[in-house]
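*Asks:*
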Ligand code: DHK
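In the numbering used here, the protein residues as written are 204 to 348.
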């Protein structure tokens, strides 16, 4: 059986990990997150593509590109989580299973972070577990037959 292909997508400011608010997001930088995701995927027997963009339209295009090229999407849309109907529509358009990830617990932060458009397209949301949340999201796809 061929390996499942998962697109791991990160939105704005996640490239600033290690620098941005370490008390919230931790000390690990974006390169170490990418390494962690790739290692987790390899351990789970998944084929992974990891991408990051600060631009909403670019994220929409990357989601569209996943159509017929990926079996699932793991997404941390950063601040676009709370604002982007365009990203929600793209996730719905490609009809792929989606797991939403957040490094922090968005339900216990500012009021404006409590609502997530991405959740409306996601099978599962994992928040507040740091890098480990990405591994848990990949496990969701590895567990599926
Ligand atoms: C990342 C961001 O950049 C924020 O805008 C979200 C999310 C939370 C995270 O916890 O990974 O509100």
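We put the CB at the ideal spot given by N, CA and C, even for glycine.
Just so you know, these numbers come straight off a predicted model, no measurement behind them.
(1) What's the gap between the Cα of residue 315 and the Cα of residue 307?
(2) Measure the C-alpha to C-alpha separation of residue 219 and residue 342 and round it to an integer number of angstroms.
(3) Name the DSSP beta bridge partners of residue 305, please?
(4) Let me confirm a value: residue 245 is counted as buried when at least 16 other C-beta atoms fall within 10 Å, else exposed. Which label applies?
(5) Taking all protein chains shown into account, decide if residue 227 is buried (16 or more other Cβ within 10 angstroms of its Cβ) or exposed.
(6) Let me know the beta strand (DSSP E) ranges lying completely inside the stretch 249-287, each 3 residues or longer, listed in chain order.
(7) Quick one: does the C-beta of residue 330 sit closer than 8 Å to a heavy atom of the ligand DHK?
*Replies:* Reading off the structure:
(1) Residue numbering aside, residue 315 sits at position 112 when the chain shown is read from its first letter. Residue numbering aside, residue 307 sits at position 104 when the chain shown is read from its first letter. Roughly 14 Å between the two C-alpha positions.
(2) Counting from 1 along the chain shown, the entry for residue 219 is found at position 16. Counting from 1 along the chain shown, the entry for residue 342 is found at position 139. Computed Cα separation, rounded: 26 Å.
(3) Residue mapping note: residue 305 aligns to position 102 of the chain shown, counting from 1. Under DSSP, residue 305 forms a beta bridge with 330.
(4) Sequence index remark: in the chain shown, residue 245 carries index 42 (1-based). With fewer than 16 other Cβ atoms within 10 Å, it is exposed.
(5) By 1-based counting over the chain shown, the position of residue 227 is 24. Flag for residue 227 reads exposed.
(6) Annotation: the stretch 249-287 contains the following complete segments of the beta strand (DSSP E) (minimum length 3 residues), in chain order: 250-255 and 275-279.
(7) If you number the chain shown from 1, residue 330 lands on position 127. Yes, Cβ of residue 330 sits closer than 8 Å to a heavy atom of the ligand DHK.
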